[in-house]
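Numbering (my numbering), first residue to last: 570 to 810. Using N, Cα and C, we set each Cβ at its ideal position, and we do this for glycine too. These notes are about the structure you will find just below.
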């Protein structure tokens, strides 16, 4: 008879170094590009840890015990608990970084708007490198503000979601006017769907990379509708990130 474990769902804190040693007041000293780089590192680790859970067929809330309270024999419970324990602080780090990036972006644009016009630079002085750096920082900042907040878990064939081109594993960064800051545990997504039956909604996604390739940022048009032959108005299952 196995050992009953009443607190098996409580995550254990993994030991060892973290990918983000800088937090709290230390982040106040980071520049916008440094915040974006740190955000990317955190997201990469979260994606890797999410893949670990996916490989076990579980998520952050999947029960790890049988109905009578014993550990499920089909799961590597120790690895799942350790993975979940690492995901929890990383998600908090990610939210904190995104909030700081947004604040830095607002300050950047406010300062840019308040700055007096600069006279044209002399022809002999090259400004191509600073201009390129500014453009790159702007692109990175805009991408950073489009953080994924939901994942497509499944798509039904011939559904509105399938017609739009959504695929399992796609991560949603924007659903109409809904983004990572205001989705309210995906309730705003459901509200947007109900308010837009028969109307195309612009959905921005990140598609995971194939082996050796870069991930894709795509934009699709999703039209919610009834009577497509299945349940709901989309024909896909979304999970919050």
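Would residue i pass as a contact of residue j if the rule is Cβ separation under 7 Å?
| i | j | result |
| --- | --- | --- |
| residue 789 | residue 716 | no |
| residue 607 | residue 659 | no |
| residue 740 | residue 720 | yes |
| residue 806 | residue 723 | yes |
| residue 776 | residue 787 | yes |
| residue 809 | residue 754 | yes |
| residue 802 | residue 762 | yes |
| residue 718 | residue 677 | no |
| residue 649 | residue 625 | yes |
| residue 618 | residue 652 | yes |
| residue 743 | residue 773 | yes |
Assuming residue i contacts residue j under a Cβ cut-off of 8 Å, what Cβ separation, rounded to an integer in Å, is found between them?
| i | j | result |
| --- | --- | --- |
| residue 804 | residue 756 | About 19 Å separates the two Cβ atoms, so there is no contact after all. |
Which residue's Cα is closest to the Cα of residue i: the options?
| i | options | result |
| --- | --- | --- |
| residue 603 | 670, 768 and 766 | 670 |
| residue 663 | 622, 678, 651 and 605 | 605 |
| residue 771 | 738, 718, 745 and 784 | 745 |
| residue 673 | 598, 799 and 759 | 598 |
| residue 675 | 601, 650 and 635 | 601 |
| residue 622 | 655, 749, 731 and 661 | 655 |
| residue 793 | 642, 636, 784 and 765 | 765 |
| residue 749 | 616, 644, 642 and 668 | 668 |
| residue 767 | 784, 797, 778 and 779 | 797 |
Three CB pairs or more closer than 8 Å across the stretch 598-617 and the stretch 627-635: no
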